[in-house]
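Note that our numbering has the sequence shown beginning at 1, numbered continuously upward.
Everything on this sheet refers to the single structure shown next.
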Amino acid sequence: MNAPTPLNLLLAQPTEAPRLREIPYNYTSFSDREIVIRLLGVAVWDLLLRLRQERRTGRSARMLYEVLGDIWVVQRNPYLQDDLLDNPQRRRQLVDALHHRLGEVQRRRSNEDAERDALVGQLLEAASRAVEAFNAEFEAIASLRKKTARQLKKYTANDNIKFDGLSRVSHVTDATDWRVEYPFVVLTPDTEVEMAGLVKGCIDLGLTIVPRGGGTGYTGGAVPLTWKSAVINTEKLEAMTEVEHIQLAGLDNPVPTIWTEAGVVTQRVADAAERAGYVFAVDP
């Protein structure tokens, strides 16, 4: 039974409810707060909240949010990243446009309120640093891609080292549909023999390794939590046996076992166990 709600509470409306999603081009589930903290830091978000209460026309705020929106939409779209990596001139035009918008905000500053103007100055400094960091990311990513390809092609075919947008988008999450970061690279080894070298290479490169099987999310998970990560897709590694009774150390009687490679789908193991009269349970 629902508790009665006073009618006056239903009729009451907030007088000035702040917009929660002012950053344009944000098709993700991230809020303005999360985006600002990622790009500018917690202190700048607190600063923005203070300035929001003192807005006049809101034009400067819109231009600032457009800058953040442009940066964010590129960071969350591997296809745009690849396009800008392949077109340095287009990238320069984008960065110049971002600086131009910040310059317009700078031009609109007023020293009538010294304290407020100082806060705006801090905000512009943080935004300028974010634009420069955004620009520098492309050179860093291009350099790391070359280094990664050179290192990992010692252990697997070059076609198995994937930086393209489709591969990265396909491996940003599993069936849980929880998207945090796009992986830097996706690896698809042909054989189990290649695995040790790829793991060593990723460790040497400082990449966080995310092993991925079928991507169902039923057994563990495969969601990258940092951009500097390598998803190792094991779908090609699908060899397996039927149920075999093997004597294991410390046990008196042989036990039913199934040998599989890492990419075998759990349902296939369950089916093999059922054919032999057993049940394979994924979780207790």
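No residue lacks a Cβ here, since even glycine has one placed at the ideal position from N, Cα and C.
| Check | Outcome |
| --- | --- |
| Glu242 to Asn160 span [Cα, whole Å] | 29 angstroms |
| Whole alpha helix (DSSP H) elements within the segment 37 to 106, 4-residue minimum | 42 to 52, 59 to 75, 78 to 86 |
| Arg76 classed as buried or exposed, judged by whether at least 16 other C-beta atoms fall within 10 angstroms | buried |
| C-alpha distance - Ala196 paired with Gly250, whole-angstrom precision | 29 angstroms |
| Environment of Val42 [buried if 16+ CB atoms lie within 10 Å] | exposed |
| Reduced DSSP secondary structure (H/G/I, E/B, other) of Ser167 | helix |
| Inter-stretch contact (C-beta, 8 angstroms, three-pair minimum) for the segment 182 to 195 and the segment 224 to 236 | yes |
| Contiguous beta strand (DSSP E) assignments of at least 3 residues, all confined to the segment 156 to 240 | 185 to 187, 208 to 212, 229 to 233 |
| Endpoints, the beta strand (DSSP E) within which Ile141 is located | Ile141 -> not in any beta strand (DSSP E); alpha helix (DSSP H) instead, spanning 114 to 152. |
| Ser143 beta carbon less than 8 angstroms from that of Leu102 | no |
| Cβ pair count under 8 angstroms reaching 3, the segment 107 to 126 against the segment 202 to 220 | no |
| Element boundaries [beta strand (DSSP E), containing Val255] | 255 to 257 |
| Cβ contact (3+ pairs, closer than 8 angstroms) linking the segment 138 to 155 and the segment 196 to 207 | yes |
| Enclosing beta strand (DSSP E) for Glu242 [first to last residue] | Taken as a continuous stretch (DSSP letters only), Glu242 belongs to no beta strand (DSSP E), as it is neither H nor E. |
| Inter-residue Cα distance where the pair is Arg52 and Thr156 | 53 angstroms |
| Nonlocal neighbours in the same chain, by C-beta distance under 8 angstroms from Leu119, ignoring five residues either side | Leu47, Arg50, Leu51 |
| Pick from Glu137, Gln267, Gly121, Tyr182 that is closest to Thr28, judged by C-alpha positions | Tyr182 |
| C-alpha distance - Lys236 paired with Asn158, whole-angstrom precision | 16 angstroms |
| Three-state secondary structure assigned by DSSP to Phe30 | coil |
| Among Pro254, Asp82, Thr57, Pro24, nearest to Tyr65 - alpha-carbon criterion | Pro24 |
| Leu35 versus Arg179: straight-line alpha-carbon distance, rounded | According to the sequence shown, residue 35 is Ile rather than Leu. The alpha-carbon atoms of Ile35 and Arg179 are separated by roughly 14 angstroms. |
| Inter-residue CB distance, Leu98 and Val73 (contact presumed, cutoff 8 angstroms) | With a Cβ gap of about 12 angstroms, Leu98 and Val73 do not count as contacting. |
| Where the alpha helix (DSSP H) through Arg275 begins and ends | 266 to 275 |
| Alpha carbon of Pro14 to alpha carbon of Glu139, nearest angstrom | The predicted position of Pro14 is uncertain, since its pLDDT is 49 and thus under 50; a value taken from the coordinates is nonetheless stated next. One C-alpha to the other measures close to 47 angstroms. |
| Outcome for Asn26 when other beta-carbon atoms lying within 10 angstroms are tallied against a minimum of 16 | buried |
| Three-state class that DSSP yields for Tyr278 in the structure shown | coil |
| Rounded C-alpha distance that separates Lys162 from Ser170 | 11 angstroms |
| Option in Thr257, Val95, Ala262 with minimal Cα separation from Arg275 | Thr257 |
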